[in-house]
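Here's the structure we're looking at; comments come further down.
Numbering (our numbering), first residue to last: -6 to 535.
Structure follows, in structure tokens:
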């Protein structure tokens, strides 16, 4: 149980079958408190609402209260999230949702408690319902045509904020993978967004990126710092540097690596997050030195570290950044030793303080670790158990219709209902495309194609937030590889990494190329050959 939960007067239980069984025996609804360790709003609700004696007494007497760490239990998060954290969810003993909200002050919480009690007294378990995303288990299938990429480009143009950069006209998220998609299709949008993110969301005193801005001009940041989001931005800024040569982009990526490898380094791998404390972050540097920095959640998440390996090795590929390479290797090796099984299953997290570990076989963990391993294969020539991780995801999680489930098909509450999240399926499919292009094994192409096809019927409803879907489809339709017949780290291999566009895979020590040469493969066919970095530059850049 988290420290802030201990500070409240509510008698929290752990998530699990026992809590729901207790609710069934007592004839009471369940109160789920979905909590994030980095969220200032969650701490505030604990310190105010849940610490109010009468509210706590009402909750303890009339409900079965359950506290859920959403980072550690993403399957619960994705089924019960009310739109942000904290999420306050009232459920039946079967796990069906009665009602819910996000942050609730004392007065609002009293009102919802009274309303839920009236509903429960009148309807009992019939008051619950199944969230919409769980009601239709089959995603809308379709054809992977050129229209997918065209639609996403149209979405970029329609959603782009010409005045302030970024996409949308309200809350602004950095959307690093959308930036990467735009770098080769709408570069001005991408670079203006990188500039906005660099100048408005980066903490110039302590380092690291804040999560998002509450307004369109990027001027009201939400100040939590998450390792996976920061690492994804390292990758986006590295790609920005590769295309533009702007030193400011390289320097921003390097400064972020500095933050990740100091404040968010556990000694073995990357910690999960640093909390947002608005009062602290609004101070000048000299004032911060006298205060206590927001706490760091030292949990080591396999998937978060996979994103970090991917981002840091991408920077190292373009700049020979030794720090980025070294820490990426250390994080990768720790995750492989502690959180990846011999069968390729990935354990969601490990807590270095308590020894607690998460469940194995979550799609997000498999996909993100796989992405880190494909980048390790491309940049370092060290794939590790890349194919085992990919095989486990396909064998354990891919359904007959092609889409991947988010994890095992059992658990308390609504966890036994299948969920096929688009964003995580896209991450898995994109990593499988990389695996296919590195190995030339059609099993991974077929799995990626099936997963992407499973959602193709919803293409016209997709927004810029899932731009990676369109780039993954484009890579399947027009696959490109630079196969290098030399070892990783050779001059020819390093040139290939720096010259190939970021949607082309570079494969070192590849037997599809002759010794000492690089072969550009388009859909499996040799298009050009080069035997020196200069020749390769001519081939790839004209």
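No residue lacks a Cβ here, since even glycine has one placed at the ideal position from N, Cα and C.
| query | result |
| --- | --- |
| Can you check which of these residues, 363, 109, 102, is closest to residue 84 by C-alpha distance? | 109 |
| Using a threshold of 8 Å, state whether the C-beta atoms of residue 63 and residue 31 are closer than that. | no |
| Would you give the residue range spanned by the beta strand (DSSP E) that residue 93 belongs to? | 90 to 94 |
| Would residue 464 and residue 439 qualify as a contact pair, given that the criterion is a beta-carbon distance under 8 Å? | no |
| Return the bridge partner residues of residue 518 from the DSSP annotation. | 515 |
| Going by alpha carbons, who is nearest to residue 59 out of 527, 16, 46? | 16 |
| Taking the beta strand (DSSP E) that residue 60 belongs to, which residues open and close that run? | 57 to 62 |
| Looking only at its own chain, which residues have a Cβ that is under 6 Å from the Cβ of residue 174, when we skip the five neighbours before and after it? | 460, 464 |
| Closest to residue 145 by CA distance: which of 42, 462, 38 is it? | 462 |
| Buried or exposed: where does residue 327 fall if 16 or more other Cβ atoms within 10 Å of its Cβ makes it buried? | buried |
| Taking the Cβ atom as the reference point for each residue, do residue 256 and residue 201 lie within a distance shorter than 8 Å? | yes |
| Per DSSP, which one or two residues make a beta bridge with residue 266? | 219, 290 |
| Throw me the rounded Cβ distance for the residue 552 and residue 362 pair, which I believe falls under 8 Å. | Summary: the structure shown does not reach residue 552, with the chain confined to residues -6 through 535, and so no result is reported for it. |
| Under the assumption that residue 88 contacts residue 343 (Cβ atoms under 8 Å), give the Cβ distance between them as a whole number of angstroms. | Not really, about 27 Å apart at Cβ, beyond 8 Å. |
| Under three-state DSSP, which class holds residue 252? | helix |
| Could you pull out every unbroken alpha helix (DSSP H) segment of at least 4 residues lying fully inside the stretch 112 to 190, listed in chain order? | 125 to 128, 140 to 152, 169 to 176 |
| Grab me the residues of residue 302's own chain with a C-beta within less than 7 Å of its C-beta, minus the 5 sequence neighbours each way, in chain order. | 321, 324, 325, 365, 368, 369 |
| Would you mind sorting residue 26 into buried or exposed? The rule is 16 or more other CB atoms within 10 Å of its CB. | buried |
| Of all the options 394, 410, 356, which has the alpha carbon lying nearest to the alpha carbon of residue 384? | 356 |
| In this structure, does DSSP put residue 482 in helix, strand or coil? | coil |
| CB-CB under 7 Å to residue 492, same chain, minus the five flanking residues each way: which ones, in chain order? | 529, 530, 533, 534 |
| Taking the beta carbon of residue 208 as the centre, do at least 16 other beta carbons fall within 10 Å, making it buried, or is it exposed? | exposed |
| Of all the options 397, 412, 435, 453, which has the alpha carbon lying nearest to the alpha carbon of residue 421? | 397 |
| Would you kindly check if the distance between the Cβ of residue 210 and the Cβ of residue 166 is under 8 Å? | no |
| Given this structure, state the Cα-to-Cα distance separating residue 252 from residue 269, to the nearest angstrom. | 15 Å |
| Using the rule of at least 16 other Cβ atoms within 10 Å of the residue's Cβ for burial, across every protein chain shown, is residue 122 buried or exposed? | exposed |
| From the DSSP output, read off the bridge partner residues of residue 81. | 26, 94 |
| Only counting the same chain, and skipping five residues up and downstream in sequence, which positions put a Cβ closer than 6 Å to that of residue 99? | 42, 45 |
| Which first and last residues belong to the alpha helix (DSSP H) in which residue 209 is found? | Taken as a continuous stretch (DSSP letters only), residue 209 belongs to no alpha helix (DSSP H), as it is neither H nor E. |
| Report yes if the C-beta distance between residue 503 and residue 476 is below 8 Å; otherwise report no. | yes |
| State the Cα-Cα distance for the pair residue 225 and residue 234, rounded to the nearest angstrom. | 14 Å |
| Under a Cβ-count criterion, where at least 16 other Cβ atoms within 10 Å of its own Cβ denotes burial, should residue 125 be classed as buried or exposed? | exposed |
| Please name the residue, chosen from 432, 187, 134, that lies closest to residue 453 on a Cα-to-Cα basis. | 134 |
| Return the CA-CA distance between residue 227 and residue 527, expressed in angstroms with no decimal places. | 28 Å |
| Just the Cα atoms here: how many angstroms apart are residue 191 and residue 230? | 9 Å |
| Measuring only the C-alpha atoms, how far is residue 429 from residue 386? | 14 Å |
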